[in-house]
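What follows is a single structure, written as C-alpha cells, with notes after it.
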Amino acid sequence: MNISRRLFKILYQTFTSEHVGRAGAAASYYALFMIFPLIISVSALTSTFHYTDAILRKLQALLPNQIRESIISYFEYVSGAGNTRFFLFGFVMFLYSCYRLVDYIQFNLSEIYSPGHITPFFPRLCRSLFTTLILVLLIPILFLTIFLTKNIISIVWDSFALPLEGMMIWYILRVPLAVSCMLLLVILFYRFATRHVLSFRDVLPGAVIAFLLWLITTLSFSFYLNHIGDYSVLYGAMGTVIALMLWCYFTMYSLFFGARINVEIRNTQ
Numbered sequence: 001m002n003i004s005r006r007l008f009k010i011l012y013q014t015f016t017s018e019h020v021g022r023a024g025a026a027a028s029y030y031a032l033f034m035i036f037p038l039i040i041s042v043s044a045l046t047s048t049f050h051y052t053d054a055i056l057r058k059l060q061a062l063l064p065n066q067i068r069e070s071i072i073s074y075f076e077y078v079s080g081a082g083n084t085r086f087f088l089f090g091f092v093m094f095l096y097s098c099y100r101l102v103d104y105i106q107f108n109l110s111e112i113y114s115p116g117h118i119t120p121f122f123p124r125l126c127r128s129l130f131t132t133l134i135l136v137l138l139i140p141i142l143f144l145t146i147f148l149t150k151n152i153i154s155i156v157w158d159s160f161a162l163p164l165e166g167m168m169i170w171y172i173l174r175v176p177l178a179v180s181c182m183l184l185l186v187i188l189f190y191r192f193a194t195r196h197v198l199s200f201r202d203v204l205p206g207a208v209i210a211f212l213l214w215l216i217t218t219l220s221f222s223f224y225l226n227h228i229g230d231y232s233v234l235y236g237a238m239g240t241v242i243a244l245m246l247w248c249y250f251t252m253y254s255l256f257f258g259a260r261i262n263v264e265i266r267n268t269q
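Each residue of the sequence shown is one higher than the one before, counting from 1 in the numbering used here.
Right under this line is the structure:
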C-alpha cells in the first residue's frame, strides 16, 4: 500500500507540473518545424529510388488519415519536382531545425533535473551537437526498420547474395531494433541533461515510462482522428497542421514527463 501511495504521489506531482506542460508545448513548435524539412528531403530521396509508393502504403497503417493525407500531398509534389534541389534544401533545414529542437529539449531537461542551474554555453553547445548527431544517425535506422517491407528486404538480400537466414533475422528483429533506438535516444537526452552525466539506473525508469506514454497517446490519438474527431470541420485547411501539432505536443510532453518521473523518484529515495 505504501508503494502504491508513493507511485500515485509521483504521478500526480508529475501530471500537475507546470514546467512539463509548458516545455512540451514550446518544444512541439520546434518539432513541427523539423518534420516538414524531413518530409521534403525523404520524399526527394525516395522518389529517386522509386520507393515512394511503398512508403505511402506504410503511412496508411501508421498515421491518422488527416496527417497522412497532408504528408502524401507533400510526397507527390516533391516527387514531381527537382529531386536534388529539394533534397539539399530539406536536408539543410532539417539539420538546423533538429539542432534547435535538441538544444531546447536539453535546456528544459536541465531545468527539470537542476532548477536554477545554468549550463555554460560551450558544454551546452557540445552536448546539443552530440545529441543532434545521434538523432540524425538514428532517424535513418528508424526509417529503415519501419518502412522496409519484406519484399524490399528480399531484393536487397538477393542483390548482394547475402544468406537467407540473415534476412529473416533482420525482419524479425527490426521492431525491437526500432524500439531500442527510440529508448536509446530518450536515455541520451536524460543522461546529458545535467552538468554531471547521470547513470543508466537514474534515467531508465523515466525513459521506459516516456516511451510507453508516447505509444499509448499516439495510438489513442490516431484512433480518435480516424474514427471520432475531424479537425478539418473546425479548422478547415489548417486541420492537418493542428492535428500534427497536437501529436508533436504529446510526443514532447511524454519526453519531459519521463524526466520529471526520474526527478520525483530521486527525491523520494
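Beta carbons are placed, not taken as given, at the ideal position from N, Cα and C, and that holds for glycine.
Nothing here was measured: the structure is a model prediction, and the numbers come from that model.
Three-state class that DSSP yields for residue i in the structure shown
i	result
GLY116	coil
THR194	coil
PRO163	coil
SER199	coil
ILE209	helix
LEU255	helix
Nonlocal neighbours in the same chain, by C-beta distance under 7 angstroms from residue i, ignoring five residues either side
i	result
PRO205	ILE261, ASN262 and ILE265
SER28	MET245, CYS248, TYR249 and MET252
SER199	none
ARG124	GLN106
SER41	PHE87, GLY90, PHE91 and PHE94
SER114	THR194
ALA25	TYR249
ARG100	TYR30
SER110	HIS117, THR119, ALA193 and THR194
ALA207	LEU183, VAL186, ILE187, TYR190 and GLY258
PHE211	MET182, LEU183 and VAL186
VAL197	ARG191
Option in the options with minimal Cα separation from residue i
i	options	result
ILE35	ILE134, ARG201, PRO123 and MET93	MET93
PHE271	LEU212, VAL208 and ALA243	The structure shown does not extend to residue 271, since the chain is modelled only from 1 through 269, so no value can be given for it.
HIS117	LEU183, VAL241 and THR194	THR194
ILE112	CYS98, PHE192, SER180 and VAL179	PHE192
LEU183	LYS9, VAL102, TRP214 and PHE121	TRP214
ILE216	PHE8, SER254, ARG5 and VAL241	SER254
LEU139	PHE121, TYR171, MET168 and CYS181	For clarity, residue 139 is Ile in the given sequence; the question names Leu instead. The residue with the shortest Cα to Cα distance from ILE139 is CYS181.
VAL136	PRO163, ILE169, PHE121 and VAL102	VAL102
ILE209	PRO37, ARG174 and VAL179	VAL179
THR268	TRP170, PRO163, ARG85 and ASP202	ASP202
Chain-order list of residues whose beta-carbon lies under 6 angstroms from that of residue i (same chain, five-residue window excluded)
i	result
VAL20	PHE256, PHE257 and ARG260
TYR104	ALA27 and TYR30
ASN108	ALA23
PHE33	SER97
8 angstroms Cβ shell around residue i - same chain, five flanking residues per side excluded
i	result
ARG5	none
TODO: Flag this pair as touching only if the segment 125 to 144 and the segment 188 to 199 have three or more C-beta atom pairs under 8 angstroms; answer yes or no.
DONE: yes
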